[in-house]
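For reference, the structure is listed below as structure tokens.
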Amino acid sequence: MDLLVPEALNIAGIQLIDVPGFLEFVLRFLLNISVIMILVRWLYYSKTKRKDYLFTYILISSIVFLLCFLLESVKLQIGFALGMFAIFGIIRYRTDALPIKEMTYLFLVIGISVINA
Numbered sequence: 012m013d014l015l016v017p018e019a020l021n022i023a024g025i026q027l028i029d030v031p032g033f034l035e036f037v038l039r040f041l042l043n044i045s046v047i048m049i050l051v052r053w054l055y056y057s058k059t060k061r062k063d064y065l066f067t068y069i070l071i072s073s074i075v076f077l078l079c080f081l082l083e084s085v086k087l088q089i090g091f092a093l094g095m096f097a098i099f100g101i102i103r104y105r106t107d108a109l110p111i112k113e114m115t116y117l118f119l120v121i122g123i124s125v126i127n128a
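Here the numbering used here is used: position 91 in the sequence shown is 102, and no number is missing along the way.
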């Protein structure tokens, strides 16, 4: 199996992509999107029939996942904490008041994305 996956993609001696790291990223992202789609599409939408927040939940999940994966890969614990604080601050102060049920789903989406990253 190791023969099928090269260590890196090089052009003229410059490493463009760390292939094992990229494969890990893609697999984690697909897992994250799959879990979020189950939560949002089949659990949330089947109960509420509201399309207002479907795209928002998926987009926030993707952004939080990408942010956490990036900050984890560059090993910045302070940066990770500040990034998460900024995300929660934006959600709290820049939006209208969300109903409790939607806020609960929002925190579930964010939590799942952080765990998967």
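From the three backbone atoms N, C-alpha and C, an ideal C-beta is built for every residue, glycine too.
Range of the contiguous alpha helix (DSSP H) that encloses R39
Looking up residue 39 in the sequence shown gives position 28. First-last of the alpha helix (DSSP H) with R39: 30–48.
I25 to F33 span [Cα, whole Å]:
Taking the first residue of the sequence shown as position 1, residue 25 is located at position 14. Taking the first residue of the sequence shown as position 1, residue 33 is located at position 22. Between the C-alpha atoms of I25 and F33 there is a straight-line separation of about 16 Å.
Please go through the same chain and pick out, in chain order, the residues whose beta-carbon is closer than 6 Å to the beta-carbon of V46, but skip the five residues on each side of it.
Residue numbering aside, residue 46 sits at position 35 when the sequence shown is read from its first letter. The residues are I123.
From A128 to T67, what does the alpha carbon distance come to, in whole angstroms?
Here residue 128 refers to the residue found at position 117 when the sequence shown is read from its first residue. Here residue 67 refers to the residue found at position 56 when the sequence shown is read from its first residue. Whole-angstrom Cα-Cα distance: 19 Å.
In angstroms, rounded to a whole number, what distance separates the CA positions of Y56 and M114?
By 1-based counting over the sequence shown, the position of residue 56 is 45. By 1-based counting over the sequence shown, the position of residue 114 is 103. For Y56 and M114, the distance between alpha carbons rounds to 14 Å.
Mind checking F76: buried by the 16 CB within 10 Å criterion, or exposed?
As a position in the sequence shown, residue 76 is number 65, starting the count at 1. By the Cβ neighbour-count rule, F76 is buried, with 16 or more other Cβ atoms within 10 Å of its own.
So, helix, strand or coil for A128, using DSSP?
For this step, residue 128 is matched to residue 117 along the sequence shown. Coil.
What are the start and end residues of the alpha helix (DSSP H) that includes Y56?
Position 45 of the sequence shown, counted from the start, is the residue given in the question as residue 56. Annotation: the continuous alpha helix (DSSP H) that includes Y56 extends over 56–59.
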